[in-house]
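Colleague:
Protein chains in written order, with our numbering: chain A, 117 to 473; chain B, 117 to 473.
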């Protein structure tokens, strides 16, 4: 892809299907390796997917990887959906830049780089190494009462995500990991997942950072009001949905996912926020979905609803509910292992091991 | 521990409870880190366990790690419980020594060393680097018709495992990972798990490497006959159980697990074979269990039965059914991440992040 022309539309236009022949070769190669057929379970299906993504078997090991943490704020916090003050979004961006957050620790551990992108933080941020200033708007409007953003703003955030993905791959990344930070963002995620799956707000809305029963009831009511408002607006295309119920970091994530798919690299998707972005991305550009790997099953009910809707199984289930890209970052090791198994294991013939009778 | 005196009895005598104070300090520290309380799920509980194991918070990162693959053969293959020829055990030992098996690939990927121990292979093996010759007996007897081994042989295999664990830790290992290889060994594992849990043979016996319905029915019958024979022998202590229904590599694994616990290092336990050893180890030396981490939920039904019996939750569920230590080796990355989170994440105070209101 050429660099300077990267937009969401350009990456959608560049999407290709997976390479079926490479995937088939990987599946056949698995049956020659020194193990019972199918015994490596999920590592085998991931290896086949990686071959289809890369267009070659065995697939290259997806490294280095880059976690991109898109940060944005949410007007809906005015309704009391979270006990955390909005300023924590900006404080956590500083924590990411300083290397002290969970995602920094996990990315160092798994060998991934971390890039933070301000796409919608409410306050002006000081420049910092590893922080990209791409602010589209200083926080969304309150989706309980009005569209979170305009469609132009949603499109601008999609473009940010798409171009960040292209730049990361141009810079050498061979796997992309979705990360995010935004106080209040499980509320728009629940609204988007409810709208995409058709499930009731109460089914897909969770406790986020750990809210109490009263706050959860309030949050469900907020999501219901937002959904009713959106239905009344009489629009139902995916861009309108994203603008009306989404978040700036969620829109950027959707662009990032499709951008990674256009570059033919695996995109490891994290928890409920990333899955809400993926649900929208799969409507905007269905051909991006086969490039995605669900890294982790968040404890948020919306995450499981989105996974079932998209018919994808997460790699890990570690009861995380942090976001930032934490679960996807841990899944990277398993995804890389899947490629190495195909590339490095001995065959029955080469190792002189008898196949079963 | 002194080296030359390591036996199973000596490691049992050396077992200590976890350090509750260090575990409590780790739990308290988690609540000061820049994340919602409890949001790191399983990483938090693993971190607390690691602190209790090491006796200090934050716990040291459990590295380097050593996977020990204990290999043994099984007389029960004469009854047709598996389509794989017995010679594959020895062939796979050569494959391990050459670095071409799945466990070699996964251990290189996660930074673990691999040591192979012949504790019960039926044929004489050529010396090879990374292969330790500790053969107690050239394969077990057919447990369907007679005790698999004598109690003296079971004790000798327990001693092998205990001393290998002590040597690995003396050599620098700070985490131990259980591995095994033995054609036919899901049959003794099912018998041991049935005996330890009280569940019927049909509930805990699985398809192992992928046997068909007819072979599965035959295998269940073999396990039932073995259990009936053992009951008729009128003994029910754990050593008699292990000798009557076990395998040499399973006995060595039980010794290895207790040996690692005595050295106060985490022991990451793999699939159904390792869990059958752990079920026996937990009867022989209950104080070893808190040092163990179940790495992976094998698709074998006996694995889930043993996990429930022992009340431990596996870290991963990747639908593996290979053994060798493959699932536990992949879990190592998560276990190490749990320690790094405690040691490296910023606190709310240090990062200037507001805690929730």
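Glycine included, every Cβ here is placed at the ideal spot set by N, Cα and C. Owing to the predicted nature of the structure, the values given are computational and were not obtained by experimental measurement.
Ignoring anything shorter than 4 residues or poking outside the region 371-457 of chain B, list the alpha helix (DSSP H) runs there in chain order.
Modeller: 388-400 and 417-426
Colleague: Where residue 157 (chain A) and residue 173 (chain B) are concerned, what is the direct C-alpha to C-alpha distance, given to the nearest angstrom?
Modeller: 36 Å
Colleague: Tell me which residues of the region 433-454 of chain A have at least one Cβ-Cβ distance to chain B shorter than 8 Å, keeping chain order.
Modeller: 433, 434, 435, 436, 437, 438, 442, 446, 449, 450, 452 and 453
Colleague: Can you find a CB in chain A that lies within less than 7 Å of the CB of residue 175 (chain B)?
Modeller: no
Colleague: Check whether the Cβ of residue 218 (chain B) lies closer than 7 Å to any Cβ atom in chain A.
Modeller: yes
Colleague: Is DSSP giving residue 236 (chain A) helix, strand or coil here?
Modeller: strand
Colleague: By a C-beta neighbour count over all protein chains shown, 10 Å radius and 16 as the cutoff for buried, is residue 211 (chain A) buried or exposed?
Modeller: A residue is called buried once 16 or more other Cβ atoms fall within 10 Å of its Cβ, and residue 211 (chain A) is buried on that count.
Colleague: Measure the C-alpha to C-alpha separation of residue 417 (chain B) and residue 258 (chain A) and round it to an integer number of angstroms.
Modeller: 50 Å
Colleague: Using a Cβ cut-off of 7 Å, pull out every chain B residue sitting near residue 211 (chain A), in sequence order please.
Modeller: 150, 462, 467 and 469
Colleague: Just the Cα atoms here: how many angstroms apart are residue 225 (chain B) and residue 454 (chain B)?
Modeller: Looking at the two C-alpha atoms, the distance is approximately 18 Å.
Colleague: Output the boundary residues of the beta strand (DSSP E) element that contains residue 293 (chain B).
Modeller: 291-297
Colleague: Since residue 396 (chain B) and residue 308 (chain B) should fall inside the 8 Å C-beta cutoff, what is the C-beta to C-beta distance between them, to a whole number of angstroms?
Modeller: 6 Å
Colleague: Does chain A have any CB closer than 7 Å to the CB of residue 302 (chain B)?
Modeller: no
Colleague: Does any residue of chain B have a CB that is nearer than 7 Å to the CB of residue 336 (chain A)?
Modeller: no
Colleague: How long is the line joining the alpha carbons of residue 195 (chain A) and residue 238 (chain A), rounded to whole angstroms?
Modeller: 16 Å
Colleague: So which of A:383, A:290, A:294 and A:451 has the shortest CA-CA distance to residue 434 (chain B)?
Modeller: Of the candidates A:383, A:290, A:294 and A:451, the one whose C-alpha sits nearest the C-alpha of residue 434 (chain B) is A:451.
Colleague: Buried or exposed, going by whether 16 or more other CB atoms sit within 10 Å of the CB of residue 207 (chain A)?
Modeller: The residue in question, residue 207 (chain A), is buried, as its Cβ has 16 or more Cβ neighbours within 10 Å.
Colleague: Which bits of chain B does residue 214 (chain A) rub up against, with CB to CB less than 9 Å?
Modeller: 462 and 467
Colleague: Name, please, each residue of chain A whose Cβ falls closer than 8 Å to the Cβ of residue 225 (chain B).
Modeller: Under the 8 Å cutoff, chain A gives 449, 452, 453 and 456.
Colleague: Give me the DSSP bridge partner(s) of residue 229 (chain A).
Modeller: Residue pairing by DSSP places residue 229 (chain A) opposite A:182 in a beta bridge.
Colleague: Could you tell me whether the Cβ of residue 158 (chain B) comes closer than 7 Å to any Cβ of chain A?
Modeller: yes
Colleague: Who are the Cβ neighbours of residue 251 (chain B) in its own chain at under 6 Å, not counting the five residues just before and after it?
Modeller: 234
Colleague: Identify the continuous beta strand (DSSP E) that holds residue 249 (chain A) and give its terminal residues.
Modeller: 247-249
Colleague: Just the chain B side, please: which residues come within less than 9 Å of residue 391 (chain A) by C-beta, in chain order?
Modeller: Those within 9 Å of residue 391 (chain A) in chain B number zero; the least Cβ separation is about 17 Å.
Colleague: Starting from residue 410 (chain A), find everything on chain B with Cβ-Cβ shorter than 8 Å and list it in chain order.
Modeller: Within 8 Å Cβ-Cβ: nothing; residue 410 (chain A) doesn't reach chain B, min ~13 Å.
Colleague: What's the C-alpha gap between residue 218 (chain B) and residue 342 (chain A)?
Modeller: 50 Å
Colleague: Any idea what DSSP makes of residue 117 (chain B), helix, strand or coil?
Modeller: Per-residue confidence for residue 117 (chain B) stands at a pLDDT of 45, beneath the threshold of 50, marking its modelled position as unreliable; the derived number appears in the next sentence. Three-state result, residue 117 (chain B): coil.
Colleague: For residue 340 (chain A) and residue 317 (chain A), what's the separation of their Cα atoms in angstroms?
Modeller: 6 Å
Colleague: My output table needs one value for residue 156 (chain B): the three-state DSSP class, helix, strand or coil.
Modeller: DSSP, reduced to helix, strand and coil, places residue 156 (chain B) outside both helices and strands of the structure shown, so it counts as coil.
Colleague: My output table needs one value for residue 149 (chain B): the three-state DSSP class, helix, strand or coil.
Modeller: strand
Colleague: DSSP puts residue 187 (chain B) in a beta bridge; with which residues?
Modeller: B:234 and B:297
Colleague: Measure the C-alpha to C-alpha separation of residue 471 (chain B) and residue 136 (chain A) and round it to an integer number of angstroms.
Modeller: 50 Å
Colleague: Do you know offhand how far residue 394 (chain A)'s Cα is from residue 186 (chain A)'s?
Modeller: The alpha-carbon separation between residue 394 (chain A) and residue 186 (chain A) amounts to approximately 14 Å.
Colleague: Below 8 Å CB to CB, which residues in the same chain sit around residue 131 (chain B) once its five sequence neighbours on both sides are set aside?
Modeller: 374, 377, 378, 401, 403 and 404
Colleague: Under 7 Å between C-beta atoms, does residue 326 (chain A) make it to chain B?
Modeller: Cβ-Cβ to chain B under 7 Å: yes for residue 326 (chain A).
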